[in-house]
Every structure is written in structure tokens, then in C-alpha cells.
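S.K.: With the working numbering applied, the sequence shown corresponds to residues 61 to 291, in that order.
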Amino acid sequence: MERLVKPELLDELPPKDRQALRSRRDIRRLNAWMGHPRMMARILQQCQDGRTERRLVELGAGDGHFLLSVARRLRKRWPAAEATLVDRLDVVDPQVRERFGHFGWRIRAEVAEAVEWLRQAPPKTAGIVLSNLLLHQLPAEPLAELLRLAARSAPVVIALEPRRSWWPHFCARFLWLAGCGPVTCHDGLVSIRAGFAGRELSALWPEAGRWELTERPVGLFSHMFVARRKG
Ligand SMILES: C[S@@+](CC[C@H](N)C(=O)[O-])C[C@H]1O[C@@H](n2cnc3c(N)ncnc32)[C@H](O)[C@@H]1O
61 MERLVKPELL
71 DELPPKDRQA
81 LRSRRDIRRL
91 NAWMGHPRMM
101 ARILQQCQDG
111 RTERRLVELG
121 AGDGHFLLSV
131 ARRLRKRWPA
141 AEATLVDRLD
151 VVDPQVRERF
161 GHFGWRIRAE
171 VAEAVEWLRQ
181 APPKTAGIVL
191 SNLLLHQLPA
201 EPLAELLRLA
211 ARSAPVVIAL
221 EPRRSWWPHF
231 CARFLWLAGC
241 GPVTCHDGLV
251 SIRAGFAGRE
261 LSALWPEAGR
271 WELTERPVGL
281 FSHMFVARRK
291 G
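#1: Quick check on the burial criterion: 16 or more other C-beta atoms within 10 angstroms. Buried or exposed for His196?
#2: By alpha-carbon positions, which one of Leu116, Ser262, Leu261, Asp153 ends up nearest to Leu104?
#3: Going by alpha carbons, who is nearest to Pro183 out of Leu81, His283, Ala214, Arg233?
#4: By Cβ distance below 7 Å, which residues in the same chain neighbour Leu273 in space, the five residues on each side in sequence not counted?
#5: Does DSSP classify Ser191 as helix, strand or coil?
#6: To which residues does DSSP link Asp147 through a beta bridge?
#7: CB Val243 to CB Arg82, shorter than 8 Å?
#8: Would you give the residue range spanned by the alpha helix (DSSP H) that Val130 belongs to?
#9: With 16 other CB atoms within 10 Å as the buried threshold, where does Val250 fall?
#10: For the alpha helix (DSSP H) that contains Leu237, what are its first and last residues?
#11: Kindly indicate which three-state DSSP category Leu73 falls into: helix, strand or coil?
#12: Classify Leu116 as helix, strand or coil using the three-state DSSP reduction.
#13: Using the Cβ count rule (16 or more neighbours within 10 Å means buried), how would you classify Glu68?
#14: CB of Val146 to nearest heavy atom of ligand 1: below 7 Å?
#15: Mind checking whether the beta-carbon of Ala121 lies closer than 7 Å to any heavy atom of ligand 1?
#16: Could you say which of Arg84, His125, Leu194, Trp177 lies nearest to Pro97 if we only look at CA atoms?
#17: Does the Cβ of Asp71 have 16 or more other Cβ atoms within 10 Å, making it buried, or fewer, making it exposed?
#18: With C-beta atoms as the reference, is Arg223 less than 8 Å away from Phe256?
#19: What distance in whole Å lies between the Cβ atoms of Ala121 and Asp147, which are believed to be in contact at a cut-off of 8 Å?
#20: Closest to Val278 by C-alpha separation, out of Pro228, Leu73, Leu128, would be which residue?
#21: Keeping to the same chain, check which residues put their C-beta closer than 6 Å to that of Arg166; ignore five residues upstream and five downstream.
#22: Is Asp71 near ligand 1, judged by its Cβ being under 7 Å from some heavy atom?
#23: Could you spell out where the alpha helix (DSSP H) holding Phe281 opens and where it closes?
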């Protein structure tokens, strides 16, 4: 299956639109079903080696529920972390902010394009840059630019993305059966066609020799990418 990046409906709807709100709720449920918060929490723990401070930046953070679910899993081992939630839309759920506080996490929300935010951030701004279901939305050139800037910002970069293969594509046709609305049913199929396979993200990574790169299928539907600077 060739990679094909097409616009997603959620990106075109106003943040408060009823369909957009429903789709963000669907994404929360799908993240839970795909096990993404659990996977991300596990990867973060594996990457925590004394070099990476608990200073996280999530690109394309949406309403913040994804990182909140990760924080919930990490709260005992990471009782205090600082996270910056970057999204092009102002959609962070106000209750989410409060709940992060219960785990001792400090949150800052930034409304910005991911590439622009990284471009203006001083180098080595973050301990870890992570994203969930964002990279597939970018065509090859802006994606390569985002990865280059992320590598400049942090010694660890993590992404969980849709896997571009026949099984996720087949299952995505039945998202309506799982109670997902029309926006999610459309965007689900589009996301998988724009998702990743093989070592496509590693191939775009800058100065690959200086980094340890892990990229592989994970779970039933997902694709994982982890870059750790060597030394
Ligand atoms: C599929 S949602 C995932 C949200 C969140 N990561 C989660 O898992 O719940 C993708 C998010 O990325 C944001 N987004 C898309 N393109 C972006 C860009 N170029 N820069 C910043 N945010 C972007 C969208 O507004 C949306 O909130």
C-alpha cells in the first residue's frame, strides 16, 4: 500500500463543533483500545536513564487526555514531571489540566503548528519529544523537517502512529460498529493510508549514525518509532 496523505475532517472542523467533540471522544476510546497510553508509558520508562529529565513535549496533543492517561500510569515512578502540550488548536480540556495536578505534573499548553513551535524553541529544550497520531498527517517533506527539529530539541523522540497495512485498513471500515461517528470513520481510514510501515521514519531521521533508532509494528494496529541519541 503506497503512503497517501489526505486532509482529515477533524482538522477542518471548528474545535467546539459537535462532530469534532465527538471525534475527540472517539479518539480517546480508540487510543485505549489500541493500548497507546500503556505503550507510551512503557517506552517512557525504558527511555528514562538519568539523561532524560522529566521534561516532556507532546506535539499534536489534542485535548490532553492521551498524555493524562500516560501520566496516570507513570504517577508512582514519575511523581513530578513538566509537560508542554503543543497543538495547532486550542482544545485542551480544562479538567485535564486540573487532573495532571493530582499527579504532581505541571502542564503548559501552547497553541502552535508543531514545526513552528520546534523551530522557535531553543535547542535541547526538552528531555523527551513525543507524539501520538500526529506524524502521519504530514507529507514527506514537512515530516522530515519536523523530525530534524525534534532531533535538535531532545535526546529522545517517540512516536506512535497508525500502521499502514491491510489488517488495520480492513478493521477501520468497521469503526462505526464500535460506536465511532462519521468524522472518525472517515479519518480512521485516511490515517491508515497515511500511516507508516517498515523503517520509513528512520529513513527520514537526520544524522542516523549518532542515534539508536527503533522502529517496528506494535500491537495489532500501530507503528512505533523511538530515537535515542547515543552517548
Ligand atoms: C488525531 S489527533 C491526536 C490527538 C492526541 N495526540 C491524542 O492522541 O489524543 C491529532 C492532533 O494533532 C493536531 N495537529 C494536526 N496537525 C498539526 C500540526 N501540524 N501542528 C500541531 N498540531 C497538529 C490536531 O489538531 C489534533 O489535535
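From the three backbone atoms N, C-alpha and C, an ideal C-beta is built for every residue, glycine too. As the structure is a prediction and not an experimental result, all values here were calculated from the model.
M.R.: On the basis of the data shown:
#1: buried
#2: Comparing Cα positions, the closest option is Leu116.
#3: Ala214
#4: Hits under 7 Å: Ser262, Trp265, Ala287.
#5: Of the three classes helix, strand and coil, the one that applies to Ser191 here is strand, per DSSP.
#6: Val171
#7: Cβ atoms of Val243 and Arg82: closer than 8 Å.
#8: For Val130, the enclosing alpha helix (DSSP H) begins and ends at 125-134.
#9: By the beta-carbon neighbour count (other beta carbons within 10 angstroms, threshold 16), Val250 is buried.
#10: Leu237 -> no alpha helix (DSSP H), and no H or E assigned at all.
#11: The answer is coil: DSSP assigns Leu73 none of H, G, I, E or B.
#12: strand
#13: buried
#14: Ligand 1 approaches Val146 closely enough that one of its heavy atoms is under 7 Å from the residue's Cβ.
#15: yes
#16: Nearest C-alpha to Pro97: His125.
#17: exposed
#18: yes
#19: Contact between Asp147 and Ala121 holds: their C-beta atoms lie close to 5 Å from each other, under 8 Å.
#20: Pro228
#21: Answer for Arg166: Glu142, listed in chain order.
#22: yes
#23: Neither: Phe281 is in no alpha helix (DSSP H) and is coded neither H nor E.
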